[in-house]
Amino acid sequence: MFLEKTIEKNKGLINTAFSLHEKGIIEPDTYVIDLDKTIENSRNIKKEADKYGIKLYFMSKQFGRNPLICKEIMKLGYEGAVVVDFKEAEIMIDNGIKIGHVGHLVQIPSKLVKKVVSSKPDYITVYSIEKAKEINDACKELGIKQKIMLRVLDNNDNLYSGQYGGFFIEELEEKVAELIKLDYLVIAGVASFPCFLYKEETNKIEPTNNISTIKKAKDIIEEKFSIKIEQLNMPSATCTESIKLISENGGTHGEPGHGLIGTTPYHKYNDAVEIPSIVYVSEVSHNLNENSYCYGGGHYRRSHMDNAIVGKNMENSKLVKVVPPTDESIDYHIELKDNCNVGDTVVMAFRAQIFVTRSNVAVVKGISSNTPEVVGLYNSLGMKIN
Numbered sequence: 001m002f003l004e005k006t007i008e009k010n011k012g013l014i015n016t017a018f019s020l021h022e023k024g025i026i027e028p029d030t031y032v033i034d035l036d037k038t039i040e041n042s043r044n045i046k047k048e049a050d051k052y053g054i055k056l057y058f059m060s061k062q063f064g065r066n067p068l069i070c071k072e073i074m075k076l077g078y079e080g081a082v083v084v085d086f087k088e089a090e091i092m093i094d095n096g097i098k099i100g101h102v103g104h105l106v107q108i109p110s111k112l113v114k115k116v117v118s119s120k121p122d123y124i125t126v127y128s129i130e131k132a133k134e135i136n137d138a139c140k141e142l143g144i145k146q147k148i149m150l151r152v153l154d155n156n157d158n159l160y161s162g163q164y165g166g167f168f169i170e171e172l173e174e175k176v177a178e179l180i181k182l183d184y185l186v187i188a189g190v191a192s193f194p195c196f197l198y199k200e201e202t203n204k205i206e207p208t209n210n211i212s213t214i215k216k217a218k219d220i221i222e223e224k225f226s227i228k229i230e231q232l233n234m235p236s237a238t239c240t241e242s243i244k245l246i247s248e249n250g251g252t253h254g255e256p257g258h259g260l261i262g263t264t265p266y267h268k269y270n271d272a273v274e275i276p277s278i279v280y281v282s283e284v285s286h287n288l289n290e291n292s293y294c295y296g297g298g299h300y301r302r303s304h305m306d307n308a309i310v311g312k313n314m315e316n317s318k319l320v321k322v323v324p325p326t327d328e329s330i331d332y333h334i335e336l337k338d339n340c341n342v343g344d345t346v347v348m349a350f351r352a353q354i355f356v357t358r359s360n361v362a363v364v365k366g367i368s369s370n371t372p373e374v375v376g377l378y379n380s381l382g383m384k385i386n
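Sequential numbering of the sequence shown, starting at 1, is according to UniProt numbering.
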């Protein structure tokens with residue numbers, strides 16, 4: 001999906017990927033991340049956000065919850081991490097990385113509520129009265145108050161399978177009346193996802209109906225209960241291109257993830273500010289009939305794998321069509337539509353969600369200065385590999 005853009009804008013990353021694999025420094029099924037470009041991307045998004053007064057939480061699941069990268073992003077002045085689930089929350093807590101937002105796409109399990117609340121996140125998003133009561137009980141025990149956001153939805157909103165949850169707008173007044181009885185919680189924000197999506201037909205990032213729902217929720221809470229809503233959280237496709245849209249639609253916070261590594265759908269078709277800073281490295285395992293097969297492990301079913309370059313180095317490589325495994329299959333191998341030499345390096349660039357894979361992650365600095373150095377090797381869940 002992003003191979004051509006990566007060749008055009010970050011050829012050094014591809015050269016480095018070939019070199020690291022050919023020298024045996026990394027194994028097949030490894031994502032290689034250009035640390036310097038990722039920091040540069042993060043800085044550019046932050047600069048644009050500051051221009052419009054938008055605050056940012058960064059999302060790390062796309063690059064494997066990598067604590068090294070997270071700490072570098074925090075140095076740029078980001079508000080903290082938005083953790084997609086409780087496992088990511090634990091990685092951030094264990095590495096001393098501030099959590100800005102937790103609970104949005106995945107609620108906190110009951111037995112972990114106290115641990116997460118103890119880390120003092122800025123906001124916890126809740127879907128239900130039951131979960132809010134658990135958080136309130138933990139806060140009471142700890143003697144602290146916690147700001148919460150409400151995830152809201154309407155029948156015409158964009159929702160992804162596996163991500164259903166929240167308070168319907170028509171029941172919001174009733175639910176808020178219950179929530180304000182919880183003495184240790186402060187309703188301070190409203191959230192939804194996705195608030196923006198890239199549309200190929202218009203070649204633009206555009207607002208979804210979810211934003212209208214958020215605004216309705218804000219009005220209900222403020223007018224009926226005299227509660228000040230300080231955060232309208234509008235995630236999805238957050239990058240330099242979409243920051244102005246967040247501002248124009250009344251949002252206060254964005255949550256860049258793919259934007260940090262230059263891999264939103266917008267980046268495929270446009271000369272975006274962010275540079276692609278991630279590639280996937282494998283190795284030709286075997287040939288069968290007219291096809292080759294490389295080692296898998298890093299496939300994500302929405303990755304839009306398209307092409308790979310295969311060879312010993314960039315200069316002596318060929319472009320090969322990729323056929324990803326079907327969704328019902330395990331990605332033991334990834335098919336290449338040509339015969340290739342067994343042992344050759346395979347480099348791809350596609351939409352990654354490293355946390356759902358079994359891949360390794362090699363973080364590399366110094367690529368742009370032609371002095372590449374692997375500064376950390378991690379598994380897909382952000383744990384360091386010795």
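Think of the CB as a built atom: it goes at the ideal place given N, C-alpha and C, for glycine as much as any other residue.
All figures in this text were calculated on a predicted structure; none of them were measured in a lab.
#### Entry: Uninterrupted alpha helix (DSSP H) stretches inside the stretch 107–143 (no shorter than 4 residues)
Fully contained in the stretch 107–143 are the following alpha helix (DSSP H) runs of length 4 or more, in chain order: 113–118 and 129–142.
### Task
Pull up the distance between the alpha-carbon of Leu142 and that of Gly100, whole angstroms please.
Leu142 and Gly100: Cα-Cα distance of roughly 19 Å.
### Residue range of the unbroken alpha helix (DSSP H) whose run includes Phe86
Unbroken alpha helix (DSSP H) run through Phe86: Phe86 to Asp94.
### Query
Using a Cβ-Cβ cut-off of 7 Å (strictly less than) and excluding sequence neighbours within five positions of Gly77, which residues of its own chain qualify?
Only Lys46 meet the Cβ criterion.
### Query
Can you tell which of Glu173, Val152, Asn136 and Leu153 has its C-alpha closest to the C-alpha of Lys145?
Comparing alpha carbon positions, the residue from Glu173, Val152, Asn136 and Leu153 closest to Lys145 is Asn136.
#### Entry: Start and end residues, alpha helix (DSSP H) containing residue 475
Residue coverage of the chain in this structure runs from 1 to 386, which leaves residue 475 outside it and unanswerable.
### Under 8 Å between C-beta atoms of Val281 and Asp344
No.
### Message
Suppose you measure from the CA of Phe193 to the CA of Ile108; what does that come to, to the nearest Å?
### Response
Straight-line Cα distance between these residues: approximately 18 Å.
### Query
If we ignore side chains and look at the alpha-carbon of each, how far apart do Ile187 and Glu178 end up?
Cα-Cα distance, rounded: 12 Å.
### Message
Given a cut-off of 8 Å on the beta-carbon distance, is the pair Ile243 and Ile261 in contact?
### Response
Result no, Cβ atoms of Ile243 and Ile261 do not sit closer than 8 Å.
### Query
Do Tyr198 and Tyr266 have their CB atoms nearer than 8 Å?
Taking 8 Å as the cut-off, the Cβ atoms of Tyr198 and Tyr266 count as close.
#### Entry: First and last residue of the uninterrupted beta strand (DSSP E) at Phe355
No beta strand (DSSP E) contains Phe355, which DSSP labels as neither H nor E.
### Query
Mind checking whether Val117 and Leu150 have CB atoms under 8 Å apart?
The beta carbons of Val117 and Leu150 sit no closer together than 8 Å.
### Task
Could you check which residue in Glu72, Glu248 and Phe350 has the C-alpha nearest to that of Lys51?
When each option's Cα is compared against that of Lys51, the closest is Glu248.
#### Entry: Same chain only: Cβ atoms within 7 Å of Arg65, ignoring 5 sequence neighbours per side
By the criterion of a C-beta distance shorter than 7 Å, Arg65 is surrounded in its chain by Glu88, Ile91, Phe355, Leu381 and Gly382, once the five residues flanking it on both sides are discounted.
### Query
So what's His304 in DSSP terms, helix, strand or just coil?
Here His304 carries a coil assignment [DSSP, helix/strand/coil].
### Message
On the criterion of 16 or more Cβ atoms from any shown chain inside 10 Å, does Ile97 qualify as buried, or is it exposed?
### Response
Buried, since its Cβ has 16 or more Cβ neighbours within 10 Å.
### Straight-line Cα distance separating Tyr127 from Leu153
If I take the Cα positions, the gap works out to 10 Å.
### Task
In the DSSP assignment, find the beta strand (DSSP E) that holds Phe58 and state where it starts and stops.
Where Phe58 is concerned, the enclosing beta strand (DSSP E) starts and stops at Lys55 to Met59.
### Task
Have a look at Thr252 and Glu230 and give me their C-alpha separation to the nearest angstrom.
Rounded to the nearest angstrom, the two C-alpha atoms are 8 Å apart.
### Task
Give every residue of the same chain whose Cβ lies closer than 7 Å to the Cβ of Pro67, excluding the five residues on either side of it in the sequence, and list them in chain order.
Answer for Pro67: Ile91, Asn95, Ile97 and Gly382, listed in chain order.
### Task
With DSSP as the reference, label Lys181 as helix, strand or coil.
Lys181 falls in the coil class under three-state DSSP.
#### Entry: Three or more C-beta pairs below 8 Å linking the stretch 359–369 and the stretch 9–24
Taking 8 Å as the limit for Cβ pairs, the verdict is that the stretch 9–24 does touch the stretch 359–369.
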